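Student: Residue numbers (my numbering), protein chains in the order written: chain A, -10 to 245; chain B, -10 to 245.
Have a look at this one.
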C-alpha cells in the first residue's frame, strides 16, 4: 500500500450489484481500491444526504489492495463518510457505478450514481460515473468494463479539471457494433410522469411514480441520447458549479 | 379563476413551515396559488424522487384562489405530482421556500428547495427558490417577504430563460441595513464533514453527519457568500443543464 493510487468506488444500486463488482474488477488493475457502497438500492436518491438519522457502516470484505464497506446511507453519504472518516488519505480517483440503467440527459439530476461523482468533484477529486443502458440485475458488463477501462486509463494519465466530473453511458451493443466513445453534451428533455393512481384497502388513494423520457431534440448529433441510440458510448463533462455564467450580465441589468 | 396567473408553490421544510406561509402570502398578490408541499421536513433530499414506494396526497385547505396539498414525497415528487396529476394547466411560475436556512454556494446541490426550482426549470417553468439565513422555526420573514415580492414582480414582468432558475438567499438583517439585491455566482467551497461516532446499546457504532461550510474564496466579491456576509440579498442564476460546455472541445482531443 502507499505508493499505488487510491481509488474510491461507490454506486447507487447497492453493495451486491453486478455493476459494482464489474467496476471493482477494472479498478484493481489501477490501484488500491476502497469501496463504500449503500447496503441496498438507492436509485433516484440524487444528492440526498441523511441528516435526520445516523448512518451505519460495516466492513464486508478485506484483502490485500481491496476493502469493501457497506453503508446504510445514500451514495453521497458514502462519499462523505469515506472522505472524512474511513480513508486515511484523499483518493486519487472516485468511480461510481457501473449503474444498472441509463444516466444520460436529465437523468443526471435524479441519479445517485452521478451525485456521488459530482460530490467527488466538489471535493477536488477526479470523478467518473459509469452507467450501462440495461436495468436488469444480470446485465452483461463485458463491454461496459472495456469502456470503463479506457476512460479510467485516460483520466489517470492526463487528468481532468477538478470542477467537473464525467458522465459515461454505455449502450447495449456487441463490442463489434460499438462505433466508439463520443464526447457529448447533455440532451435537453424531461421525464414525463404518468402517475398510476390506486386505492388502498382503507379507501385512500395513493400514486406510483412512472413515466417516460421526452427528448426535446432527438436529431441533435452532439447529444448523449443521440450518441447512445447510434451505438456510441457517450461522455458528458458535468460541471459541479451550477451557476449559469452566461446569464449573470443580463440579470444584472434587471431592476429588483 | 382562469385569467389570473397560476403559481405553484412548494418547499422542503414541510407544509406547516413558517417560510411556506410567508411565501403564500406574497404569492396571493400575483395570482391563484396551488401549494403542494411535503407532509414533513425533507431538508437535504436534493433532487431525490420516490420510486420504491407510492406517494400520498391530501387536500389541507381550499378557498377562492388558494389550494393547499400535503404530500408524503420529496419536494421534487411534489412538483412532478402537481404538474402531471393535480394541476389542470401548466403554472406560470414556480416558487420554492422560503427555506429556513441558507442555500448559498454548494448547498444548492443538497437542497430540496432548490431541487424543486430546478425541476421547474427542466419543465420549462419560470422558477425561483428563496432561502432565509435563519434555521429557526420562528424566524422573522418580514424582510424575506419584501425581497421575494421584488424578485417575483421582476420575473413576472420580464421573464427569465426557462433553462435557468433563480437561487435567492436573504441575510438576517434589518430592512434599513440591507444594501440591496446582488446578482452573484455560486461560491466555490465544500461542506467539511465531521462525523460524530457513537455506540448503540448493542455495541454497534453509528455516525451522525455534521459539518461546516468551507469557503474556498472568501474574498471574491462576485460570490453569493460574500454578498450575504456584506448585507446583500443574493441572486444566482442556476443552469438546469449541467454540461460543462467549456470543456467539450478539450475533452474531444483526448484518446479514449
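A virtual CB, placed ideally from N, CA and C, is assigned to each residue, including glycine.
Source: prediction; values computed, not measured.
1) Could you spell out the range, first to last residue, of the alpha helix (DSSP H) harbouring residue 139 (chain A)?
2) Counting only C-beta atoms, is residue 126 (chain B) closer than 7 angstroms to chain A at any point?
3) Can you tell me which of B:105, B:159, B:79, B:148 puts its alpha carbon nearest to the alpha carbon of residue 264 (chain B)?
4) Look up residue 252 (chain B) in the DSSP assignment and give the residues it is bridged to.
5) Please return the same chain residues whose Cβ sits closer than 6 angstroms to the Cβ of residue 11 (chain B), not counting the five positions on each side in sequence.
6) Anything in the segment 18 to 42 of chain A with a Cβ closer than 7 angstroms to a Cβ of chain B? List those residues in chain order, please.
7) Hey, residue 221 (chain A) and residue 178 (chain A): beta-carbon distance below 7 angstroms or not?
8) Where do the ends of the alpha helix (DSSP H) carrying residue 10 (chain B) lie?
9) Does the segment 185 to 205 of chain A come into contact with the segment 43 to 54 of chain B, if we say contact requires no fewer than three beta-carbon pairs (one atom in each stretch) closer than 8 angstroms?
10) Would you list the residues sitting across from residue 228 (chain B) in a DSSP beta bridge?
11) Quick check: the segment 103 to 114 of chain B against the segment 4 to 18 of chain B, are at least 3 beta-carbon pairs closer than 8 angstroms?
12) If you measure from the beta carbon of residue 212 (chain B) to each beta carbon in chain A, is any gap under 7 angstroms?
13) Name the chain A residues that come within less than 9 angstroms of residue 219 (chain B), Cβ to Cβ?
14) Check the Cβ-Cβ distances between residue 80 (chain A) and every residue of chain B, and say whether any is below 7 angstroms.
15) Classify residue 228 (chain B): buried if its beta carbon has 16 or more other beta carbons within 10 angstroms, exposed otherwise.
16) Secondary structure at residue 60 (chain B), three-state DSSP: helix, strand or coil?
17) Can you confirm whether residue 226 (chain A), when its beta carbon is compared against all beta carbons of chain B, has any partner nearer than 7 angstroms?
18) Using a C-beta to C-beta distance shorter than 8 angstroms, which residues of chain A count as neighbours of residue 177 (chain B)?
19) So what's residue 183 (chain B) in DSSP terms, helix, strand or just coil?
20) What does DSSP give as the partner residue(s) for residue 158 (chain A) in the beta ladder?
21) Using 8 angstroms for Cβ pairs, my map puts residue 58 (chain A) next to residue 25 (chain A). What's the rounded Cβ distance?
22) Quick check: is the beta carbon of residue 139 (chain B) nearer than 7 angstroms to any beta carbon in chain A?
23) Quick one: give me the first and last residue of the beta strand (DSSP E) that residue 308 (chain B) is part of.
24) Is residue 95 (chain B) helix, strand or coil by DSSP?
25) From the beta carbon of residue 245 (chain B), is the nearest beta carbon of chain A less than 7 angstroms away?
26) Under a CB-based cut-off of 7 angstroms, is residue 242 (chain B) close to chain A?
27) Using 6 angstroms as the cut-off, classify the Cβ of residue 47 (chain A) as near or not near the heavy atoms of the ligand GDP, replying yes or no.
28) So with Cβ pairs under 7 angstroms, would you call residue 132 (chain A) a contact of chain B?
29) Which same chain residues, not among the five before or five after residue 248 (chain B), have their C-beta less than 8 angstroms away from its C-beta?
30) Can you name the residues of chain A whose CB is closer than 8 angstroms to the CB of residue 97 (chain B)?
31) Provide the residue(s) that pair with residue 26 (chain A) in DSSP beta bridges, ordered along the chain.
32) If you follow the beta strand (DSSP E) that residue 200 (chain A) is in, where does it begin and where does it stop?
33) Closest Cβ-Cβ distance between residue 168 (chain B) and chain C: below 7 angstroms?
34) Rounded to a whole number of angstroms, what is the C-alpha to C-alpha distance between residue 84 (chain A) and residue -4 (chain A)?
35) Mapping DSSP to helix, strand and coil, what is residue 213 (chain B)?
Tutor: The structure says:
1) Going by DSSP, residue 139 (chain A) is part of the alpha helix (DSSP H) stretching over 131 to 147.
2) Chain A contact via Cβ: absent.
3) Beyond the ends of chain B as shown, which are -10 and 245, falls residue 264 (chain B); an answer cannot be given.
4) As displayed, chain B neither begins before -10 nor continues past 245, which places residue 252 (chain B) out of reach and without an answer.
5) A distance below 6 angstroms between beta-carbons, with the five flanking residues on each side excluded, links residue 11 (chain B) to the following residues of its chain, in chain order: 87, 130, 134.
6) Those residues of the segment 18 to 42 of chain A that come within reach of chain B (Cβ to Cβ, closer than 7 angstroms) are 32, 33, 34, 35, 36, 37, 38, 39, 40.
7) Not in contact: residue 221 (chain A) and residue 178 (chain A) (Cβ atoms no closer than 7 angstroms).
8) Counting along the chain, the alpha helix (DSSP H) containing residue 10 (chain B) begins and ends at 7 to 16.
9) They touch, by the three-pair rule.
10) Per DSSP, B:153.
11) With a cut-off of 8 angstroms, the segment 103 to 114 of chain B and the segment 4 to 18 of chain B do not count as touching, because too few Cβ pairs lie within range.
12) Not closer than 7 angstroms to any Cβ of chain A, the Cβ of residue 212 (chain B) fails to qualify, so no.
13) Here the premise fails: no neighbours, minimum Cβ distance about 17 angstroms.
14) Judged by the 7 angstroms Cβ criterion, residue 80 (chain A) is not in contact with chain B.
15) Buried is the call here.
16) DSSP places residue 60 (chain B) within a strand segment (E or B) once states are collapsed to three.
17) Using beta-carbon distances, residue 226 (chain A) counts as an interface residue toward chain B, with a partner under 7 angstroms.
18) Neighbours of residue 177 (chain B) on chain A, chain order: 152, 230.
19) Three-state result, residue 183 (chain B): coil.
20) Under DSSP, residue 158 (chain A) takes part in a beta bridge, and its partners are A:120, A:223.
21) For residue 58 (chain A) against residue 25 (chain A), the beta-carbon gap comes to about 5 angstroms, under 8 angstroms, which counts as contact.
22) Output row for residue 139 (chain B): interface = yes.
23) Outside the shown range of chain B, which is -10 to 245, sits residue 308 (chain B), and nothing can be said about it.
24) Residue 95 (chain B) falls in the coil class under three-state DSSP.
25) Output row for residue 245 (chain B): interface = yes.
26) It does not; no Cβ of chain A falls within 7 angstroms.
27) As for the ligand GDP, it is missing from this structure, which has no ligand bound.
28) No - not a single Cβ of chain B is within 7 angstroms of the one on residue 132 (chain A).
29) The displayed coordinates of chain B run from -10 to 245. Any statement about residue 248 (chain B) would go beyond what the structure contains.
30) Simply 231.
31) In the DSSP assignment, residue 26 (chain A) is bridged to A:59.
32) First-last of the beta strand (DSSP E) with residue 200 (chain A): 200 to 204.
33) Protein chains A and B are contained in the structure displayed, whereas chain C is not.
34) Looking at the two C-alpha atoms, the distance is approximately 7 angstroms.
35) Reduced to three states, the DSSP call for residue 213 (chain B) is helix.
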